[in-house]
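Take a look at the structure set out below.
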Amino acid sequence: MDGRVQTWERAWRDALYGQEGFYRLHAPASHFATSAQGVPGGGEVLAQAVVALARRHGCTRLVDVGCGRGEFLRHVRDLDPALRLTGVDVVPAPPDLDVHEWLVAPGGGSLPHDLHDLEDTLVLAHEWLDVVPCPVATRDGQGVWRTVRVDHRGRETAGPPLVGADLGWARTWLPEEVERAEIGRTRDLAFADLVSRVRSGVVLAVDYGHTLTDRPRHGTLTGFRGGREVPAVPDGSCDLTAHVAVDSLGAGTPRGGTDACRLLLQREALIDLLPDPPPAAPVPHELARLEPAAYLAALARRGALAALTARGGPGDFWWVVALVRPDA
Ligand SMILES: C[S@@+](CC[C@H](N)C(=O)[O-])C[C@H]1O[C@@H](n2cnc3c(N)ncnc32)[C@H](O)[C@@H]1O
């Protein structure tokens, strides 16, 4: 890394997906937990919900974009050996992973060329869009949106005014009170590109995010390393992530054959898709006496479900669902 000052979008991309980028050298699970890995029992619960969604829409194939080292795919494989599985990430497949196919992606908003014409497929992008780099912008004293530049130590300076499509995005999606923000257009384009790879099925992006009604005033760009949140420094030593403007995602998707995106919270989605009683309902006590092993399993399951539906935690994650129907 040199001392160049560059836009956040460029610095972010180099830091995560450059030759020695963070995601080329580090497994996500070594640095942070997600609902797909790292929450005890969480991966199974999430896999059950995603498989239920796939079955609801007649999907026979599941593609996991940004699948890390295939942790979630292992849960899906255990649940439904008949589903055809594809993993996509920026590194080669782990040798012991049982999937039909694995594609290596360039990273960020760029998907592999070989991912196309997917039929009867559920495409999952679990915590992918938050690591798609985007420009960061700040309003100056005159209210003009300016690109934020950064050096390899994370020192920032205000750059030239935003122009063109990025400025258009800021005007459409950032309310007056927002002073600094990540410009989500790159995520909109990445999501639209993903949807365009599907001929029939469902695209499901799951991520932490915000909408016009709760857009953060100062942006959310941050770093993670070794299980801890750290300052966002684009030197390849940490993950760099920012919440996703989920309401703008649907604006970029192709209309032909594609319904508008549906937005729902993870806690709503899991309650809709899983057969479990509400997470707050107690496990019946008499089960402890009659079937102690089943009682313990039910407690563990209830704990996992509670974690994945928790307010202020994964329960607040957004599920962005795009149904893609074959052209009439
Ligand atoms: C935040 S991690 C999430 C991992 C996993 N889905 C989970 O929830 O635990 C983001 C993952 O997306 C991968 N990634 C980034 N850009 C990608 C792309 N264009 N195509 C496929 N994977 C990508 C990264 O390498 C990383 O493994």
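Numbering follows this note's numbering, with no gaps: position 110 of the sequence shown is 113. For every residue, glycine included, the Cβ atom is placed at its ideal position computed from N, Cα and C. Bear in mind the structure is a predicted one, so any value in this text is a computation, not a measurement.
(1) Which same chain residues end up closer than 7 Å to W148 when comparing Cβ atoms and leaving out the 5 residues on each side of it in sequence?
(2) Going by Cα to Cα distance, which pick from P31, R304 and F320 is closest to R231?
(3) Apart from the five residues just before and just after E47, which ones in its own chain have a Cβ nearer than 6 Å to its Cβ?
(4) How many whole angstroms separate the CB atoms of L197 and A128, which I take to be in contact at a CB cut-off of 8 Å?
(5) Would you report the Cα separation of C70 and R27, rounded to the nearest angstrom?
(6) Within the structure, which residues are defined as neighbours of ligand 1 by a Cβ-heavy atom distance below 6 Å, reported in chain order?
(7) Tell me which residues share the same chain as E122 and place their Cβ nearer than 6 Å to its Cβ, disregarding the 5 neighbours each side in the sequence.
(8) Alpha carbon to alpha carbon, how far is D217 from P178?
(9) CB H119 to CB R200, shorter than 9 Å?
(10) Please determine whether the Cβ atom of D191 lies at a distance below 8 Å from any heavy atom of ligand 2.
(11) Among A296, A307 and G111, whose alpha-carbon lies nearest the alpha-carbon of A283?
(12) Among the residues of its own chain, which have a CB less than 6 Å from the CB of G44, if the five just before and after it don't count?
(13) How should G229 be labelled, buried or exposed, when 16 other C-beta atoms within 10 angstroms of its C-beta is the threshold for buried?
(14) I need the DSSP call for H78, collapsed to helix, strand or coil.
(15) I'd like to know if the region 240 to 248 and the region 274 to 292 are in contact, where contact means that at least 3 CB-CB pairs between them fall below 8 Å.
(16) D191: buried (16+ other C-beta within 10 angstroms of its C-beta) or exposed?
(17) By the three-class DSSP mapping on this structure, what secondary structure does T261 have?
(18) E104 bridges to which residues according to DSSP?
(19) Kindly list the residues whose CB is nearer than 7 Å to the CB of H221, restricted to its own chain and excluding five residues on each side of it in sequence; keep chain order.
(20) Tell whether a beta-carbon distance below 9 Å holds between F75 and D67.
(21) How would you label A208, buried or exposed, when you count the other beta carbons within 10 angstroms and need 16 or more for buried?
(22) P3 by DSSP, collapsed to three states: which one?
(23) Considering only the alpha carbon of each residue, which of R328, G316 and W321 lies closest to A36?
(24) Residues in the same chain with beta-carbon distance under 8 Å from L268, minus the five sequence neighbours each way, listed in chain order, please.
(25) If you reduce the DSSP assignment to three classes, tell me which class P163 lands in.
(26) Would you mind stating whether V343 and V324 have Cβ atoms separated by less than 9 Å?
(27) What's the C-alpha gap between G253 and T150?
(28) Given a threshold of 16 other Cβ atoms within 10 Å of its Cβ, counted over all protein chains shown, does S33 qualify as buried or as exposed?
(29) According to the neighbour-count rule (16 or more other Cβ atoms, all chains shown, within 10 Å of its Cβ), is R16 buried or exposed?
(30) Go through the region 145 to 222 residue by residue and report every complete run of the alpha helix (DSSP H) that reaches 4 residues or more, in order.
(31) Kindly indicate which three-state DSSP category D99 falls into: helix, strand or coil?
(32) What first and last residue would you give for the beta strand (DSSP E) that runs through E232?
(33) Between H60 and the rest of its own chain, which residues show a CB-CB distance below 6 Å, the 5 nearest in sequence each way excluded?
Put simply:
(1) Excluding five sequence positions before and after W148, the CB atoms of its chain that fall closer than 7 Å to its own CB belong to A140, R142, P164, L165, L170 and A173, given in chain order.
(2) P31
(3) Closer than 6 Å at Cβ, skipping near neighbours: H78.
(4) 6 Å
(5) Spanning the two alpha carbons is a distance of roughly 13 Å.
(6) Y26, P31, T37, A39, Q40, V68, G69, C70, G71, V91, D92, V93, A108, G110, G111, S113, L114, H129, E130, W131 and V134
(7) In chain order, R202 and S203 place their CB closer than 6 Å to the CB of E122, counting only its own chain and leaving out the 5 sequence neighbours on each side.
(8) 10 Å
(9) yes
(10) As far as ligands go, the structure on display features ligand 1 and does not contain ligand 2.
(11) A307
(12) A303 and A307
(13) Around the CB of G229, fewer than 16 other CB atoms lie within 10 Å, so the residue is classed as exposed.
(14) Of the three classes helix, strand and coil, the one that applies to H78 here is helix, per DSSP.
(15) no
(16) Around the beta carbon of D191, 16 or more other beta carbons sit within 10 angstroms, so the residue counts as buried.
(17) Unreliable placement is indicated for T261, whose pLDDT of 49 sits below 50; no coordinate value is reported for it.
(18) Beta-bridge pairing links E104 to T89.
(19) E182 and R183
(20) Cβ atoms of F75 and D67: closer than 9 Å.
(21) buried
(22) It is not possible to answer for residue 3, since the shown part of the chain is limited to 4 through 331.
(23) Nearest C-alpha to A36 among R328, G316 and W321: G316.
(24) G318, D319, F320, W321 and W322
(25) strand
(26) The structure shown does not extend to residue 343, since the chain is modelled only from 4 through 331, so no value can be given for it.
(27) The straight-line gap from Cα to Cα measures roughly 24 Å.
(28) exposed
(29) buried
(30) 167 to 176 and 188 to 199
(31) coil
(32) Counting along the chain, the unbroken beta strand (DSSP E) around E232 starts and ends at R231 to V233.
(33) Setting aside the 5 residues that flank it on each side, H60 is surrounded in the same chain by V205, each with a C-beta closer than 6 Å to its C-beta; the list follows chain order.
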